[in-house]
Amino acid sequence: MIYLDHNATTPVDPAVADKMYWFLKEHFGNPSSLYPIGRKVKEILNEARERVAGALGAGRGEIFFTGSGTEADNFAVFGILNALPERNELIVSAIEHPAVLESARYLEKNDVRVTYLPVDSYGTVDLDALRDALTPRTALVSVMHASNEIGTVQPIERIAEIAHEKGVPVHTDAVQTFGKIDVDVRKLGVDLLTVSAHKVYGPKGVGALYIRKGTNIDPYLHGGHQERRLRAGTENTAGIVGFGEAVRVLEDRGRRDRPRIERLAEALKKGVEEKIPRVRFNGHPTNRVRSTLNFAFPGLEAEAILLSLATKEIYISTGSACSEESEEVSHVLTAIGLRPEIARSSIRMSLGRSNSDEDVATVLRELPEIIEKLRKITAFNPED
Ligand code: PLP
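Rendered as C-alpha cells:
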C-alpha cells in the first residue's frame with residue numbers, strides 16, 4: 184500500500200506502541216492516588232508533559248492534556264469566551280478546521296458576534312480584515328497555523344502582534360504543523376495552541392492545549408482536580424504516555440525525516456504538474472507545509488480519482504478527513520475562490536514517514552493514467 188493521507192492520521196510509531204504496551208502492563212494506578220503506584224503514574228505523565236512542553240517551547244505547567252485536538256480547540260474557544268463574559272465577539276479565519284468553525288457557529292447562535300476572516304487565493308488570512316474586525320469587545324482571535332487541506336502557513340506572529348496591541352488573546356490550531364515545521368509558542372507569540380497526538384505517529388484520542396501562564400480561561404470539563412482543575416476526568420494515561428513517546432521520536436528523527444519528506448513531496452508535485460495536463464495546484468507555492476499537496480483536475484470528480492487510486496492500493500483524500508463523508512464542497516477551497524465544480528475535482532496527497540522514492544515513482548506512473556482514463560469516460564471538455 185502507498186499511504187498518502189498523513190494529514191488525516193499517521194501510523195503509530197513502533198516505539199510508541201511498545202511504550203504504551205509496557206505502560207498498560209506495568210502501571211494501572213490512578214495518577215490522582217497518593218500512594219506509590221498512583222504517584223508513579225503521575226510522575227510518568229509529567230515526563231510526557233515535559234516532553235510535549237519542551238517540543239513547543241512551553242513550560243510544563245502550561246500544557247493541558249485533552250481527549251483530542253478537537254477538544255483542545257473547543258477548550259480554547261469556549262474556555263476564553265466563558266471567562267470573559269463582558270466580551271462577546273470572536274474572530275476566526277474562514278478556513279479553520281471544523282473543530283473551531285463549528286464552535287464559532289454554535290456560539291453565534293448564543294449571541295456571540297463572529298467575524299470569519301477572508302483569505303486570498305493562496306489561503307493566507309487578510310490582516311487588514313483582522314485589524315478592522317478587532318474591537319474592545321473581542322474575546323479571542325483563533326487562526327490555524329496551517330491548513331489541513333492546502334497546507335498554507337498563516338502569519339501567526341503578525342496576527343498575535345496585531346491582536347495583542349488591542350489586548351486580545353490569540354489561539355492557533357497547530358495540529359497540522361507540529362512535527363512538520365517549527366512550532367514554538369514564544370516565537371509565535373500565541374496565548375493558546377492546539378496539538379494532537381495521532382498526527383505525529385502517536386495514538387488517537389489524545390491532544391493537548393498550551394495555555395500561556397496567566398491566561399484567563401474557564402475550566403472545560405467540570406469535576407475532579409485533574410489537569411490543574413481546568414479539564415476534569417481521569418487522564419487517558421496510556422494515550423498521554425504514547426503522545427510523550429511520539430514527541431521523543433519526533434525529536435530523535437525529525438531532523439532527518441523532514442527534509443526527506445519535503446524532497447519527496449516536491450518531486451511528486453513537479454511530476455504531477457509535468458505529466459498531467461490542465462492540473463491546478465491549490466495552496467501557497469512556497470509558504471506551505473511542504474508535505475501537503477492539493478490538486479484540482481477540472482472536469483473530474485475527486486471521488487472517482489480517489490476510488491481509482493484505491494484499487495491500486497494508493498490512499499489519498501478528497502479533502503479533510505472530517506468532511507469526507509459529507510456532500511458539501513470544501514469550505515477551504517471555496518474560500519480561496521474555487522468554483523464548486525473545481526473544488527469538487529480536488530484531491531489531497533499528504534506525505535509522511537512511510538513514503539519512499541518508489542512510492543512517488545509509482546504514483547507518477549498510476550495517476551496520469553487514471554486521470555487520462557477518467558477524462559475519456561467523462562468526455563472531458565477543456566473549454567468547460
Ligand atoms: N485541527 C486540525 C487542523 C486538524 O487537521 C485536525 C484533524 O484532522 C483536528 C484539529 C482535530 O484533531 P483530532 O482528530 O485529534 O480531534
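In our numbering, each number is its position in the sequence shown, counted from 1, plus 183.
Positions of the beta carbon are idealized from the N, C-alpha and C atoms, including for glycine.
Looking only at its own chain, which residues have a Cβ that is under 6 angstroms from the Cβ of residue i, when we skip the five neighbours before and after it?
i	result
G520	S304
G454	L547
G362	V383, L433
L381	In the sequence as displayed, the identity of residue 381 is His instead of Leu. Taken in chain order, the residues that qualify are T192, K387.
Should residue i be listed as close to ligand 1, given that the test is whether its C-beta is under 8 angstroms from any heavy atom?
i	result
G437	no
S529	no
H280	yes
T377	yes
N190	yes
Q409	no
M327	yes
V368	no
Q337	no
T466	Residue identity differs from the one stated: residue 466 is Gly in this sequence, not Thr. Not under cutoff, so the answer is no.
H354	no
Does the beta-carbon of residue i have 16 or more other beta-carbons within 10 angstroms, so that it is buried, or is it exposed?
i	result
L413	buried
R341	exposed
D651	There is no way to answer for residue 651, as the model of the chain reaches only from 184 to 567.
S539	exposed
S503	Low per-residue confidence applies at S503: pLDDT is 48, beneath 50, and the placement is therefore not dependable, though the value from the model is reported in the following sentence. Buried.
I423	buried
E272	buried
A238	buried
K396	exposed
R531	buried
Do you know whose CA, among the options, lies nearest residue i's CA?
i	options	result
S529	G397, A518, S513	S513
V515	I499, N331, N229	N331
G372	G388, I364, I394	I394
V275	R471, V543, Q337	Q337
E484	V430, R527, T494	R527
A200	P214, G385, K370, F478	G385
W205	T475, V224, Y218, G466	V224
P197	V430, V235, E285	V430
Who are the near neighbours of residue i in its chain, counting only those whose CB is closer than 7 angstroms to its CB and skipping five residues on each side?
i	result
Y186	Y498, S537
What does a CB cutoff of less than 8 angstroms around residue i pick up in its chain, not counting 5 residues either side in sequence?
i	result
K452	F464, L476
Open item on the list: Which runs of the alpha helix (DSSP H) at least 4 residues long sit entirely within the stretch 504-559? Give them in chain order.
Closed with: 514-518, 523-526
Open item on the list: Which complete alpha helix (DSSP H) runs does the stretch 345-394 hold, if anything under 4 residues is left out?
Closed with: 368-371
- [ ] Entirely within the stretch 407-476 and at least 4 residues each: give me those alpha helix (DSSP H) ranges in chain order.
- [x] 420-458
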